[in-house]
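Note that the sequence shown covers residues 47 to 230 in this note's numbering.
Built from N, CA and C at the ideal position, the CB exists for glycine as well.
Only a predicted model underlies this, so the values are computations on that prediction, with no experimental measurement involved.
These notes are about the structure you will find just below.
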Amino acid sequence: MVLDEDALRDRVEALAHEISNDHPDGVVFVAVLKGALILLADLVRHVSVDVSVDFLAISRYAPDSGRVRILKDLDLDVTDRDVVIVEDLVDTGLTLAYLVQHMSDRGARRITTCALLNRSERRIVPLPVRYVGLDIPGDAYVLGYGLHADDRYRNLPFVVRADPDTLRADPDAYLDLYAAEPRS
């Protein structure tokens with residue numbers, strides 16, 4: 047188990063408190079679909095300042111290339127507003143750097159980033175992630191709380207390490223995680 051339900055709740059509440067303190071005049075959360083949706087929903091419930099929410103959907107041209115195509119752009123005008131980009135996992139930083147630039151191009155006043163999980167040791171772009179739920183090792187493959195394998199396991203209420211080879215061989219290999227007592 048990487049983060050159980052209690053640890054997730056505590057971390058999200060702490061992140062929401064930090065964000066509220068840093069943005070007393072309100073904030074626009076921009077979540078990257080689909081992975082950040084669950085984190086965003088929980089953050090919004092615990093932030094104590096005015097919040098607007100919008101979404102971006104992206105498609106990567108090639109893994110680790112940093113080249114991104116926006117499939118769904120913002121509906122909100124972020125000009126002169128504080129924006130927090132919400133991600134499920136930040137790895138190399140290439141995609142996030144692109145999104146930060148995109149928010150800057152859209153006129154955001156202040157842009158910060160929030161990630162449930164951060165793989166800082168794999169960072170290619172020296173991009174700070176201001177609000178981090180947990181730093182994880184670069185080789186950790188994780189599922190749950192928005193993180194998926196072929197669009198499965200996103201709705202697990204915790205984050206668990208998984209073996210990608212096991213998932214390739216048997217996509218159902220981790221279905222027992224939906225049982226009342228998840229394995230560690």
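Residue pairing by DSSP puts Asn164 in a beta bridge opposite Val136, Asp181. Less than 8 Å divides the Cβ of Leu223 from the Cβ of Leu202. Using a Cβ-Cβ distance cut-off of 8 Å, the region 116 to 133 and the region 143 to 155 are in contact, since at least three pairs of beta carbons, one from each stretch, lie closer than that value. Each of Leu163, Asp209, Tyr177, Glu167 was checked against the Cα of Ile157, and the nearest Cα belongs to Tyr177. Only buried fits His69, as 16 or more other CB atoms lie within 10 angstroms of its CB. Closest in C-alpha terms to Ser94, from the list Val74, Asp100, Ala82, comes Val74.
Between the beta-carbon of Leu145 and that of Leu102 there is about 7 Å, and that keeps the pair under the 8 Å contact cut. In this structure, the straight-line span from the alpha carbon of Val78 to that of Asp218 is close to 26 Å.
Leaving aside the five residues that flank Thr212 on each side, the residues in its chain whose CB is nearer than 7 Å to its CB run, in chain order, Ala219.
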